[in-house]
Amino acid sequence: MARACGSCTLCCKLTEVPELFKPVNKWCGLCKPGKGCSSYEKRPPSCHTFSCIWLSDPSLSDDLRPDRCRVMLERLTDKTVLVLNEPSRPEAWRAPAMVKVLQEMVRSGLTLAVGNATRKQIILPEGRSVEDARQEIEEVVRGRTQLHNGPQPAQPR
Ligand code: SF4
Ligand code: SF4
857 MARACGSCTL
867 CCKLTEVPEL
877 FKPVNKWCGL
887 CKPGKGCSSY
897 EKRPPSCHTF
907 SCIWLSDPSL
917 SDDLRPDRCR
927 VMLERLTDKT
937 VLVLNEPSRP
947 EAWRAPAMVK
957 VLQEMVRSGL
967 TLAVGNATRK
977 QIILPEGRSV
987 EDARQEIEEV
997 VRGRTQLHNG
1007 PQPAQPR
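Numbering (the numbering used here), first residue to last: 857 to 1013.
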């Protein structure tokens, strides 16, 4: 059976919502924390398509629901997972149950970007260079910023 968010609303705080100009780490004005979205039927496309890893992966235990463990895992690309801590709990990802999940991800070849919106440490699987990972992460972040600010003018050559 598919999972449901239940009373978790953590992504409505940790992620940015370009359509609403909502920055990271700030509750969305439409969110009723612990209850849900007050505009669920009309929520913007980026909310509509968003799913954290816990929601889509039943192998993660119920205790690892983001509002319970204070860490939200997001698949950034096919090679990289974003590990975002609740700002008030920057070390939440070090809890043993979460470390076990993260170790397994790295063993399977995934890169982890761990931290918060502005500072991330990169944990690499064997064979991947830090430059390659950084470039990939920067490209995704730049793409989101463009979505937020509109297309950037081409740089003069
Ligand atoms: S963080 Fe995950 S489980 Fe929590 S509300 Fe968002 S999508 Fe649902
Ligand atoms: S619009 Fe709704 S789903 Fe999207 S961030 Fe705000 S409260 Fe959450």
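Note that the Cβ used here is the ideal one computed from N, Cα and C, for glycine as well.
Taking the alpha carbon of Pro889 as the reference point, which residue from Thr865, Val880, Leu876, Glu930 has its own alpha carbon closest?
Residue numbering aside, residue 889 sits at position 33 when the sequence shown is read from its first letter. Out of Thr865, Val880, Leu876, Glu930, Thr865 has the C-alpha closest to the C-alpha of Pro889.
Assuming Glu872 is part of the alpha helix (DSSP H), what are its boundary residues?
As a position in the sequence shown, residue 872 is number 16, starting the count at 1. No alpha helix (DSSP H) contains Glu872, which DSSP labels as neither H nor E.
Should the segment 943–955 be called in touch with the segment 909–928, which here means at least 3 C-beta pairs below 8 Å?
With the cut-off at 8 Å, the segment 943–955 and the segment 909–928 touch.
Assess contact between the segment 932–942 and the segment 965–975, defined as three or more Cβ pairs (one per stretch) separated by less than 8 Å. Is contact present?
Yes: the two stretches touch, three or more of their Cβ pairs being nearer than 8 Å.
Are Pro901 and Trp910 close, meaning C-beta to C-beta below 7 Å?
Taking the sequence shown and counting its residues from 1, the one referred to as residue 901 is at position 45. Taking the sequence shown and counting its residues from 1, the one referred to as residue 910 is at position 54. Against a cut-off of 7 Å, the Cβ pair of Trp910 and Pro901 comes out as no contact.
Give the secondary structure of Arg990 by DSSP, where H, G and I count as helix, E and B as strand, and everything else as coil.
Translated into the one-based positions of the sequence shown, residue 990 becomes position 134. Reduced to three states, the DSSP call for Arg990 is helix.
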